[in-house]
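Going letter by letter, the sequence shown gives residues -25 to -1, 1 to 66 in mature numbering (1 follows the signal peptide of the UniProt record, and there is no 0).
The C-beta atom is built at its ideal place from N, Cα and C for all residues, glycine as well.
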Amino acid sequence: MTPSRLFIRHGFTALALVLGTALLAGCETTAPGATPAATAQAEPPMTHARAAELCWMSTEKGAGSMNLDKRADVVDKCIDDKMKGAPAPKS
């Protein structure tokens, strides 16, 4: 082989090796980064305002055709139920 062909052949081999290494480096799973379970945030404590927000959202989805006074009664009951099951928030 001529030196120029040999140079080109080795150049392509080196390029393929570098590209293959770069592609495999993207698959590394032993990195010391945080795991998805560790990055999940804890749910905030249940407060009256948060309970009201959740209850109003659930009635908007489920009972949108109900009149407003009846919906407010359903939300009040929902808030009471949520606050009974929740520990007191730390202040």
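Check                                                                                                                                : Outcome
Between the alpha carbons of G1 and P19, how many angstroms are there, rounded?                                                      : 35 angstroms
Quick check on this structure: which residue in G(-15), C53 and M21 has the alpha carbon closest to the alpha carbon of M32?         : C53
On a CA-only basis, which of P(-23), Q16, M21 and C30 is nearest V49? Give me that one, please.                                      : C30
Quick check on this structure: which residue in H23, I(-18), K36 and F(-14) has the alpha carbon closest to the alpha carbon of D51? : H23
Rounded to a whole number of angstroms, what is the C-alpha to C-alpha distance between A(-16) and S(-22)?                           : Note on identity: in this sequence residue -16 is His, with Ala being the wrong assignment. Distance between the alpha carbons of H(-16) and S(-22): 10 angstroms.
Does M21 come out as helix, strand or coil in the three-state DSSP assignment?                                                       : coil
By how many angstroms is the C-alpha of D55 removed from the C-alpha of Q16?                                                         : 26 angstroms
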